[in-house]
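Asks: Quick note: to get our numbering, add 13 to the position in the sequence shown (first position is 1). Cβ atoms here follow ideal geometry from the backbone N, Cα and C, with glycine treated the same way. This one's a predicted model, so the numbers in the text were calculated from it and none came from an experiment. The structure under discussion is supplied below as structure tokens; questions concerning it will follow.
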Amino acid sequence: MEITGGEDVLPGPFRVAAAASLSIAAATLAAAELARLKGTEPGPVSVDTGHAAAAFRSERYLRVDGGLPPDAWQGLSGDYRAADGWVKLHCNYPHHGEAVRRALNVPDSREAVGEAVARRTAWDVQEAVIAEGGAAAAMRTRAQWLAHPQGQALAGAPLAEFTAIGPAPVPPPRPSTSDRPLGGIRVLELTHVIAGPVAGRVLSAHGADVLHIGAAHLPTLPMLAMDTGFGKRSAHLDLRTAAGRDRLWELVAEADVFVQSYRPGALAGLGFTAEKLAQASPGIVLVELDAYGWQGPWARRRGFDSLVQMAGGIAAETATGKPEPLPAQALDHATGWLAGAAAMTGLRRRALEGASLRARLSLARTGRWLDELGRTEGGAAEPDVTDLLEKTESGFGTLTHVRVPGILPGAMPYWAHGSPLPGADAAMFSSPAAA
């Protein structure tokens, strides 16, 4: 395994480029092990740091028909100065914007929100928005986060926690003519935003049949659907209905991997618990992602990369008058790549040991890992990524995008097709049913 290139491809003191290289290397090495199980010699794995860093900013370089895609940051989203510091409000989804307006008792106006926030403490604003079902985070220093009960809950947590959710016989390989590492593997993906969709995108790059399940009544961010949908199918199911849940159970019975990134408890509340998933598909690998970790007082709290950066001391470290984010949505992307690696590791264990497994990861635990990597001087100039881009036709039009990073000579990763429009496909896998 070789990592090439220096870390000066991204600005800032955090070792984001190193985290990118390491997490992409983890996924590529996991794919190499699956290739060996299929009798393919994968060859020496390598990752270029510049390519990895560009992949961690893939949404920044995305173009559709030569133009910019719709901006993902919408509405009242942004950093606001409170009476004692800063608070970030995440309002990219309409219902989160409504929660902010209810919490602050203001109209749909950034000026009104700013005035209301300025009269209150950052913590008070955060908790008021959370109580209304919204998403917000007050800016804390690293020391404050490490002393916080949720920061302490992460101290003993592994980067990816594996547990068995039931014994299972080693399942026979699904018939497949593909010699790709994940050829014949079916993945059900119930995710949104970046981290979960990136995990599915990683698996599709190595040959998995990935079916993303969304819903027509739920909001989507077109730019992120364009950027993370490569190689997947996309279908809609309304899990509020018995028919929608029944169809999802039918798909679970056919799936090898189930990736979900909804708020902890949301899918379990509909009956899709880990134990029932393992009963429906013995040998399934369940990969779950959340924001703040799976233990502690914030385990069920809504969160996004930008909020975890605020809460976890990252945005405060180099703040000069206002919060300073990382040069990429690095917690999202790293967690997504590590989740892809966890899914493939689970599949290898399943093949060798026979078990239904669950892997859990969180943005906040990934943030702690990034902190533990130390600091670097960072780069200054915006890197030239021209040689890392390619064009692919999609349901949205012609997408210019960063190609898959990671070198696996015997089974190079690639996306078989571009991103589909949300809900464009039938709720079924594209690969043949198991015999």
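#1: Would you kindly work out how many angstroms separate the C-alpha atoms of residue 287 and residue 296, rounded to a whole number?
#2: Quick check on residue 460: buried or exposed, where buried means 16 or more other Cβ atoms within 10 Å of its Cβ?
#3: Compute the beta-carbon to beta-carbon distance between residue 125 and residue 139, rounded to the nearest angstrom, for a pair I have assumed lies under 8 angstroms.
#4: Are residue 250 and residue 440 closer than 7 angstroms when you measure CB to CB?
#5: What first and last residue would you give for the alpha helix (DSSP H) that runs through residue 405?
#6: How would you label residue 365, buried or exposed, when you count the other beta carbons within 10 angstroms and need 16 or more for buried?
#7: I'd like to know whether the C-beta atoms of residue 353 and residue 216 end up nearer to each other than 7 angstroms.
#8: Expressed to the nearest angstrom, what Euclidean distance is found between the alpha-carbon atoms of residue 319 and residue 371?
#9: Between the alpha carbons of residue 284 and residue 332, how many angstroms are there, rounded?
#10: Leaving out five residues on either side along the sequence, give the residues of the same chain with a beta carbon under 6 angstroms from the beta carbon of residue 358.
#11: Within 10 Å of its beta-carbon, does residue 239 have 16 or more other beta-carbons around it, so buried, or fewer, so exposed?
#12: Considering only their Cβ atoms, is the gap separating residue 173 from residue 35 smaller than 7 angstroms?
#13: Rounded to a whole number of angstroms, what is the C-alpha to C-alpha distance between residue 77 and residue 160?
#14: Who are the Cβ neighbours of residue 232 in its own chain at under 7 angstroms, not counting the five residues just before and after it?
#15: Let me know the secondary structure DSSP gives residue 193 once reduced to three states.
#16: Would DSSP call residue 386 helix, strand or coil?
#17: Determine the direct distance from the alpha carbon of residue 261 to that of residue 414, and round the result to whole angstroms.
#18: Which word fits residue 165, buried or exposed, when buried means at least 16 other C-beta atoms lie within 10 angstroms of its C-beta?
#19: Taking only three categories from DSSP, how would you classify residue 443?
#20: Using a 10 Å radius around the Cβ and a threshold of 16 neighbouring Cβ atoms, would you call residue 400 buried or exposed?
#21: Within this structure, are the beta carbons of residue 323 and residue 82 separated by less than 7 angstroms?
#22: Residue 178 and residue 291: beta carbons closer than 7 angstroms?
#23: In chain order, what residues of the same chain lie with their CB nearer than 6 angstroms to the CB of residue 406, ignoring the 5 residues before and after it?
#24: Smallest Cα separation from residue 347: which of 392, 14, 60, 211?
#25: Would you kindly work out how many angstroms separate the C-alpha atoms of residue 448 and residue 299, rounded to a whole number?
Replies: For this structure:
#1: 12 angstroms
#2: No statement about residue 460 is possible, as the shown extent of the chain runs from 14 to 448 and does not include it.
#3: That pair is no contact at about 18 angstroms.
#4: yes
#5: Unbroken run through residue 405 is the beta strand (DSSP E), 402-407; no alpha helix (DSSP H).
#6: exposed
#7: yes
#8: 26 angstroms
#9: 44 angstroms
#10: 43
#11: buried
#12: no
#13: 44 angstroms
#14: 106, 107
#15: coil
#16: coil
#17: 31 angstroms
#18: exposed
#19: coil
#20: exposed
#21: no
#22: yes
#23: 431
#24: 211
#25: Only weak support exists for where residue 448 lies, its pLDDT of 32 falling under 50; the value from the coordinates is given anyway. Taking the straight line from one Cα to the other gives about 23 angstroms.
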